[in-house]
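Right, one structure below, let's go through it.
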Amino acid sequence: MIVAELGSAGVLLDTGRPAAAYLNSTALGWLRGRPPAAEHQAQHAQCFARWRAAGFITPGDQASAPTGHGDVAVEGAACAGLAPHPVLVLAMAADCGFCTQLSADLAANTRRLTRLDASVLLVDADGTSLLGRPLSVLCRQQLAGLGQCAAKLGTPSGVLLTPGQPTQVLVGFTEVSGALVALSGADPRTTIVEAPTSCSVNVAAQPVDAVLTARVNGTRLGIAVRGHDAREIAEASGAVLDDGYTPVTLTIERPGTFHLLFRGGELLTRARTPHALRQTLDGVLAGYARYASPERGNIPLLCGVAVHGEEHAVLFPRTWMSDLVKHARRLEQTGWQLRPEPYTLLRPAPGTGVLHLPAASRPRQPGPAVTAILTQAPQTGTPPTRAWLLASIVNWLARPAAIDTVHSLVASLEPLPIHIGTWQEALAHLTRPTAPEDDSASTSSGSLTT
């Protein structure tokens, strides 16, 4: 955990996971030990309670509230003798988006699961369902109670029972997916597992024909394909059938005229030909490979980027990517190109700190300079301050992140103009008949103009 200063305010950042908290000048003082004024006692207590709950600060000498994790571990140990072989008991819920994504991944990996040397017992409000090796009816009934106990930790959660080994309690989509990868004989440490979003759940909802595994710089990545053409494109980029459980990261399909490539729920391209989609897919896989072996000094952000020639670039939230891709031709008519790489890799120029993308033809050389950031304001509350906007942009940083990377990013963002609005206003802003370098004329936050 570190605090990055943004003028009189700051951002409390977890360098190991995508979590951050904005600190105004008052909260920043409290975090540094300044006692609260009498009228701020309630806000002071609320802030510290939230910071503790998010894991930003330790509980100190105060007794932490019981989480129920210990109860699940005890219950799992009591059930250990019921498992004749490795059994993963998973608590699911119909109204849980993470569970919907997990169910889609399980369905996509049916071929692997039928040969799994273990059982996966799914427990929800309607009962149980079984994948992998069979279990007796009595065993399923007894383990259903363990799944209901695990549901107290949130869904999806689970308990892995392995004869002769300690019981493992798993909480959340990432841990559960990692356990499934390991049970299949693959290595969860080298398998990409990306947290789902509401949009990715929508993309994953329809059945897929297969999940192929691409290997990028020693890392396994799942590509779901729908249709023969999609499979041929994935195989042409080196993806193959793999015996290990592979969560879906990319999806290729052709529902109509266009060949579509998604990363989770984020539309990366609408290609008119298989060759064009293959080119984009190769670029995306190369982006994962670069991220797997980062160069010192690179700053990876989870955001979108549009470039204008080899001179200018603007950053925008990933949530806008799908909508802007649908208007890519309009952007191209005014000289803008969307870059579909999974991580926007930036590097501060020595001496100036100006953020540059790598050059397209020579990745080790500086390419377009970032001249502005386009983002959206919170849906409720008062208009955000510039420090609040900077804090939210710092939180685009991919984790895990080195401390010096955080401070380098903060320093490089400080002079950049930030324009606030919707993706529609961003589209109008980018396609207006003015030069892109006009964005760099102001260093204050402003509204996107239509």
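Residue numbers (my numbering): 72 to 521.
Each residue gets a CB set at the ideal place from its N, CA and C atoms; glycine is no exception.
Within the same chain, L386, F387, P388, R389, T415, W467 come within 7 Å of C374 by CB-CB distance, once the 5 residues on both sides are set aside.
Counting along the chain, E337 sits inside the beta strand (DSSP E) bounded by residues 337–342.
Cβ neighbours of A458 within its own chain (closer than 6 Å, five residues either side excluded): L77, G78, A80. A direct Cα-to-Cα measurement between M392 and T340 gives close to 9 Å. Within the DSSP secondary-structure output, W407 pairs in a beta bridge with H379.
In this structure G327 does not touch P411 by the C-beta definition: roughly 20 Å separates them, more than the 8 Å allowed. Contact between the segment 283–291 and the segment 268–275 is not established, with fewer than three Cβ pairs separated by less than 8 Å. Here the C-alpha atom of L159 lies approximately 46 Å from the C-alpha atom of S483. The three-state reading of DSSP puts S483 in helix, counting H, G and I together.
Distance from V441 to A497 at the Cβ level is roughly 15 Å; contact not present, criterion being Cβ atoms closer than 8 Å. Burial state of G141 is exposed, judged by a 10 Å Cβ sphere holding fewer than 16 other Cβ atoms. Boundaries of the alpha helix (DSSP H) harbouring T171: 168–179, taken from the DSSP string.
With fewer than three CB-CB distances shorter than 8 Å, the segment 363–373 does not count as touching the segment 295–302.
Following the DSSP letters along the chain, one finds E366 in no beta strand (DSSP E), marked with neither H nor E. CA-CA distance, V396 to L409, rounds to 7 Å.
Taking the C-beta atoms as reference points, V230 is found nearer than 8 Å to V240. Taking a contact as a CB-CB distance under 8 Å, the pair L153 and L251 does not count as one, their CB atoms being some 20 Å apart. Per DSSP, T233 lies in no beta strand (DSSP E) and is assigned neither H nor E. If you draw a 10 Å sphere on the C-beta of T423, you find fewer than 16 other C-beta atoms in it, and that means exposed.
Between the C-alpha atoms of D176 and P259 there is a straight-line separation of about 15 Å. The C-beta of P267 has 16 or more other C-beta atoms within 10 Å across all chains shown, which makes the residue buried.
Between the alpha carbons of Q117 and P107 lies a gap of roughly 12 Å. Taking a contact as a CB-CB distance under 8 Å, the pair V477 and A75 counts as one, their CB atoms being some 5 Å apart. Residue pairing from DSSP places D85 in a beta bridge opposite A90. When C-beta atoms of the segment 172–187 are compared with those of the segment 303–317, three or more pairs fall below 8 Å, so the two segments count as touching. Separation of T344 and C170 (C-alpha to C-alpha, rounded to the nearest whole angstrom) is 34 Å.
If you ignore the 5 residues before and after T226, its C-beta comes within less than 8 Å of the C-beta of A162, M163, A164, C167, F169, C170, all in its own chain and listed in chain order. The three-state secondary structure of A285, taken from DSSP, is strand. Here L209 is exposed: its Cβ has fewer than 16 other Cβ atoms, across all protein chains shown, within 10 Å. Counting along the chain, the unbroken beta strand (DSSP E) around A443 starts and ends at 437–446. At a Cβ-Cβ threshold of 8 Å, G438 and E381 count as neighbours. For V264, the three-state secondary structure derived from DSSP is coil.
In this structure, the straight-line span from the alpha carbon of R302 to that of I323 is close to 8 Å. In the three-state reduction of the DSSP assignment, Q277 falls in the coil class, being assigned neither a helical nor a strand state.
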